[in-house]
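Written out below as structure tokens is the structure these notes cover.
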Amino acid sequence: MRKKVNLLILCCIAIGFFYLFFSSKKQHEDTTSDQPQTSSIPVLEKPTVAETKKDTIIISEEVSTDGLEIPAHAGQRLTRHFAYTLLYNEKHEQAAWVAYQLTKKETIRVYERSNDFNEDPLIASGSATDFDYKRSGYDRGHLAPAADMGWSATAMRESFFYSNMSPQDPGFNRGIWKRLEEQVRDWAWENEVIYVVTGPVLTSNLPNIGSNGVSIPSYYYKVILDYSQPSVKAIAFLLPNQSSTAGIQTYVVSINEIEKLTGIDFFPTLPDLQEEQLENQQCEACWTWNVYKTRTKRSASHASLSAAVQCSGMTKKGNRCKRKTTDPSGRCYQHQ
Numbered sequence: 289m290r291k292k293v294n295l296l297i298l299c300c301i302a303i304g305f306f307y308l309f310f311s312s313k314k315q316h317e318d319t320t321s322d323q324p325q326t327s328s329i330p331v332l333e334k335p336t337v338a339e340t341k342k343d344t345i346i347i348s349e350e351v352s353t354d355g356l357e358i359p360a361h362a363g364q365r366l367t368r369h370f371a372y373t374l375l376y377n378e379k380h381e382q383a384a385w386v387a388y389q390l391t392k393k394e395t396i397r398v399y400e401r402s403n404d405f406n407e408d409p410l411i412a413s414g415s416a417t418d419f420d421y422k423r424s425g426y427d428r429g430h431l432a433p434a435a436d437m438g439w440s441a442t443a444m445r446e447s448f449f450y451s452n453m454s455p456q457d458p459g460f461n462r463g464i465w466k467r468l469e470e471q472v473r474d475w476a477w478e479n480e481v482i483y484v485v486t487g488p489v490l491t492s493n494l495p496n497i498g499s500n501g502v503s504i505p506s507y508y509y510k511v512i513l514d515y516s517q518p519s520v521k522a523i524a525f526l527l528p529n530q531s532s533t534a535g536i537q538t539y540v541v542s543i544n545e546i547e548k549l550t551g552i553d554f555f556p557t558l559p560d561l562q563e564e565q566l567e568n569q570q571c572e573a574c575w576t577w578n579v580y581k582t583r584t585k586r587s588a589s590h591a592s593l594s595a596a597v598q599c600s601g602m603t604k605k606g607n608r609c610k611r612k613t614t615d616p617s618g619r620c621y622q623h624q
């Protein structure tokens with residue numbers, strides 16, 4: 289009898305322990321369910337748009353950058369080389385424009401300047417030749433610079449096609465045009481990739497040289513687009529074909545002005561509103577200017593000596609004058 293009583297007591301104690309255990313567990317679960325749930329994924333603050341320089345434009349929709357540099361060319365035959373694309377103007381025997389993309393990596397020169405000028409094999413009607421420029425008093429001025437093409441042997445070779453040349457005043461070609469080309473390479477380095485369109489302003493009744501009648505432009509232009517996200521910017525230059533000691537910023541204009549002069553529609557693949565904003569833009573502050581390269585720090589006498597170029601005037605025998613000159617006209621005292 290005593291054993292039965294003891295067994296009954298043990299059963300009661302066991303039941304009590306089970307009751308207390310499950311009651312405590314349920315209370316803990318109820319308490320926990322009232323507390324906010326946590327996650328192992330951190331909550332990130334909403335990203336903010338970084339401040340941009342004045343007049344830069346925020347990209348609102350994705351646009352393919354493939355061929356972004358190519359102007360509108362409906363019904364016109366393009367000449368596509370490995371490193372650049374051009375639209376050749378047979379009447380003027382030179383390109384109306386040359387367009388190419390320039391990346392930071394491509395500004396690192398691997399191949400030296402070749403100076404191997406050749407006719408362009410892709411121009412079916414034939415391009416200008418060496419004889420057109422010989423003893424003309426004008427430089428064979430690059431539109432797409434050879435220094436922009438040092439990243440590839442093929443690109444360097446193509447840069448010396450006569451389709452990429454235009455008759456330039458020696459003081460212009462070796463002076464302010466060269467300084468502008470250097471600045472463009474600086475921008476490619478700084479902005480990772482830029483899109484460049486450059487060429488002569490071709491109008492009627494221009495003087496010409498050579499048996500092929502290569503027109504001598506009075507002005508040249510260069511249009512640059514930086515399409516780096518999240519903001520984009522553009523700038524354009526219009527320069528007279530003559531020597532100049534002025535800074536390159538003197539010649540900044542809007543893309544719209546270049547379009548009016550040339551009839552060329554730049555960056556047609558951009559959304560209309562964005563294209564309009566960029567082409568009306570004239571923001572020097574949007575770009576970093578390399579003062580060292582665009583304005584020499586050497587002494588005035590040294591700078592004058594190094595800036596001297598061969599006179600572009602012609603002698604009575606039809607030969608180019610051998611005198612040196614620093615005159616902005618590119619001509620010595622006898623040929624001014």
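According to the numbering used here, the sequence shown holds residues 289 to 624 in order.
C-beta: ideal position from N, C-alpha, C; glycine also.
Owing to the predicted nature of the structure, the values given are computational and were not obtained by experimental measurement.
Beta bridge pairing from DSSP links L390 with I482.
If the five residues before and after S542 are omitted, its C-beta is found closer than 7 Å to the C-beta atoms of A524, E567, N568, Q569, Q570, all from its own chain and listed in chain order. In the structure shown, A443 falls within a helical segment according to DSSP collapsed to helix, strand and coil. When C-beta atoms of the segment 476-483 are compared with those of the segment 382-395, three or more pairs fall below 8 Å, so the two segments count as touching.
For the pair N500 and K521, the Cα-to-Cα distance works out to about 39 Å.
Put simply, the backbone Cα of A432 is about 14 Å away from that of Q456. Contact between E545 and L526 holds, with the beta-carbon distance rounding to 7 Å and staying under 8 Å. DSSP places N377 inside the beta strand (DSSP E), whose first and last residues are 373-377.
Rounded to whole angstroms, G535 and I464 show a C-alpha spacing of 8 Å. When D354, A383, F370, T353 are compared, the shortest CA-CA separation from Q364 is found for A383. When the beta-carbon positions are compared, P359 and P505 stay at least 8 Å from each other. If you compare the alpha carbons of A443, T395, G414 with that of Y372, the shortest gap goes to A443. Bridge partners of I523 according to DSSP: I512. By the neighbour-count definition (other C-beta atoms within 10 Å, threshold 16), A434 is a buried residue.
In the structure shown, T533 adopts coil according to DSSP, grouped into three states. In this structure, the beta-carbon distance from G459 to Q537 does not fall below 8 Å. Closest by C-alpha distance to G438, out of E394, L513, Y515, is E394. Here N578 is not near D514, since their CB atoms are 8 Å or more apart. In the three-state scheme derived from DSSP, where H, G and I count as helix and E and B as strand, D427 is classed as strand.
In chain order, Y376, S451 place their CB closer than 6 Å to the CB of I411, counting only its own chain and leaving out the 5 sequence neighbours on each side. Counting the other CB atoms within 10 Å of its CB gives R428 a total of 16 or more, which places it among the buried residues. In the DSSP secondary-structure assignment, W385 is bridged to L375.
It is roughly 31 Å from the alpha-carbon of P409 to the alpha-carbon of Q471. Under DSSP, T417 takes part in no beta bridge, so it has no partner.
Minimum Cα-Cα distance from G487 among the listed residues T550, A476, N493, N479 corresponds to T550. Annotated as proximal: V502 and E381, with beta-carbon spacing under 8 Å. Beta-bridge annotation (DSSP): S454 is paired with G429. DSSP lists Y508 as the bridge partner or partners of P488. Scanning H361, R445, M453, E446 for the CA closest to the CA of Y426 turns up M453. Taking the Cα positions, I396 is about 17 Å away from R445.
For T395, there is no enclosing alpha helix (DSSP H), as DSSP gives it neither H nor E. Judged by their CB atoms, T353 and E478 are not nearer to each other than the 8 Å cut-off.
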